[in-house]
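The opening residue of the sequence shown carries number 554 in the numbering used here; numbering runs sequentially from there.
Ideal placement from N, C-alpha and C gives every residue a C-beta, glycine not left out.
Quick caveat: nothing in here was measured; it's all calculated off a predicted structure.
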Amino acid sequence: MSPDIAARFDELVAEGEAVPTEGWDFSWFAGRATEERPAWGYSSLLADRMRAAEAALDMQTGGGEVLAAVPVLPPVLAATESWPPNVGIARRKLAPFGATVVAMEDDAADLPFPDGHFDLVVSRHPVVTRWDEVRRVLRPGGTYLAQHVGAGSVRELTEFMMGPNPFPPPPPARPFTTRSGATPTGAVAVAESAGLVVVDVRQQALRMEFHDIAAVVHFLRKVIWTVPGFTVDAYRERLAELHDFIERHGPFVAHAQRFLIEARRP
554 MSPDIAARFD ELVAEGEAVP TEGWDFSWFA GRATEERPAW GYSSLLADRM RAAEAALDMQ
614 TGGGEVLAAV PVLPPVLAAT ESWPPNVGIA RRKLAPFGAT VVAMEDDAAD LPFPDGHFDL
674 VVSRHPVVTR WDEVRRVLRP GGTYLAQHVG AGSVRELTEF MMGPNPFPPP PPARPFTTRS
734 GATPTGAVAV AESAGLVVVD VRQQALRMEF HDIAAVVHFL RKVIWTVPGF TVDAYRERLA
794 ELHDFIERHG PFVAHAQRFL IEARRP
């Protein structure tokens with residue numbers, strides 16, 4: 554690496570390390586990284602479902618950013634979130650809408666709501682989905698709508714940093730549970746086994762481009778499952794190689810895997 558490229562590397566890495574990771578706002582990446590949006594338009598679908606709902610739950614809401622952007626929200630609104638910094642952000646952001654934000658672990662045994670409490674349950678990129686619990690808290694005829702992270706998402710970046718096939722097989726999931734990285738067919742099978750009727754499934758691979766190493770560093774600090782345990786010190790050599798590639802050849806390209814699933818409680 555030339556001295557000029559090395560100096561720029563240190564500057565960009567420091568910048569990527571300094572950006573706060575709280576919340577689920579990706580506006581900092583503007584001009585530095587891009588990600589294609591799914592063709593189905595989750596935000597528009599969410600707005601349509603929320604407009605018709607009486608009581609809704611947003612599971613794993615992050616900082617509440619997606620929910621707060623919905624134009625018309627139902628009179629009864631709740632959200633869950635596991636990461637303590639995000640809980641506070643979500644409570645402040647969703648307070649004007651009268652939402653209840655509950656702090657709970659993503660893979661907790663039960664959702665802290667009564668049976669049949671909601672006619673709509675939603676989630677954008679859930680880490681864990683307890684399909685039996687989704688069915689339990691939905692009213693008969695109620696809807697689950699979510700955009701999930703599919704298997705192999707951003708695999709190109711994971712394998713560049715960690716080598717090919719870096720993850721051991723996951724432990725068996727508890728009954729009626731899927732985790733981020735499930736396949737659409739697997740999610741449908743588990744949802745149906747929990748007693749839901751799946752009415753729509755769509756999937757898409759989305760092109761991502763990282764235009765500088767600061768964007769890579771911030772992404773890996775924010776989307777922590779891409780390279781579990783990531784720190785700049787532990788991966789400095791790989792980051793330097795990737796920085797050199799981007800400086801010489803242009804953006805690093807990866808692909809995010811997403812699938813939309815809509816299901817109803819009979």
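- Query: Hey, which unbroken runs of the alpha helix (DSSP H) at 4 residues or more fall wholly within the stretch 588 to 658?
  - Reply: 595 to 605, 618 to 621, 637 to 647
- Message: Just to confirm my understanding: we take P624, look at its own chain, exclude 5 residues before and 5 after, and list those with CB closer than 7 Å. What are they?
- Response: A600
- Task: Just confirm the distance between the C-beta atoms of Q810 and G739, as a whole number of angstroms; I'd bet it's less than 8 Å.
- Result: Actually they do not touch by this definition, with Cβ atoms about 13 Å apart.
- Item | Through-space distance from T574 to L565, alpha-carbon basis | 16 Å
- Query: When DSSP builds the beta bridges, which residues end up paired with S676?
  - Reply: A699
- What does a CB cutoff of less than 7 Å around L620 pick up in its chain, not counting 5 residues either side in sequence? D611, T614, A632, L647
- Task: With distances taken Cα to Cα, identify the nearest neighbour of S596 among T587, A571, A622, E607.
- Result: A622
- Query: Ends of the beta strand (DSSP E) at A793?
  - Reply: Where A793 is concerned, there is no enclosing beta strand (DSSP E), although the alpha helix (DSSP H) it sits in stretches over 789 to 802.
- Task: Report yes if the C-beta distance between S746 and F763 is below 8 Å; otherwise report no.
- Result: no
- Message: Check whether the stretch 634 to 653 and the stretch 698 to 712 are in contact - that is, three or more C-beta pairs closer than 8 Å.
- Response: no
- Message: Considering only the alpha carbon of each residue, which of D563, D578, L773 lies closest to R708?
- Response: L773
- Item | Unbroken alpha helix (DSSP H) run spanning I766, endpoints | 766 to 775
- Message: Please list the terminal residues of the continuous alpha helix (DSSP H) segment that includes F763.
- Response: Here F763 belongs to no alpha helix (DSSP H); instead the beta strand (DSSP E) covers 750 to 763.
- Query: Identify the residues that DSSP records as bridge partners of T822: which are they?
  - Reply: Missing from the structure shown is residue 822; the chain here goes from 554 to 819 and no further.
- Query: Is the Cβ-Cβ distance between Y788 and L749 less than 8 Å?
  - Reply: no
- So what's E570 in DSSP terms, helix, strand or just coil? helix
- Message: Rounding to the nearest angstrom, what Cα-Cα distance links I814 and G576 in this structure?
- Response: 24 Å
- With a Cβ-Cβ cutoff of 8 Å, do Q757 and P737 count as a contact? no
- Cα-Cα separation between F720 and H771, rounded to whole angstroms: 22 Å
- Message: Please state the DSSP three-state secondary structure of L565.
- Response: helix
- Message: Please return the same chain residues whose Cβ sits closer than 7 Å to the Cβ of W778, not counting the five positions on each side in sequence.
- Response: S733
- Cα-Cα separation, F666 to G803: 49 Å
- Task: Give the DSSP-derived three-state secondary structure of R585 in the structure shown.
- Result: coil
- Query: Pick from D765, H808, R817: whose alpha carbon is nearest that of H796?
  - Reply: D765
- In angstroms with no decimal places, state the Cα-to-Cα distance between F582 and A768. 7 Å
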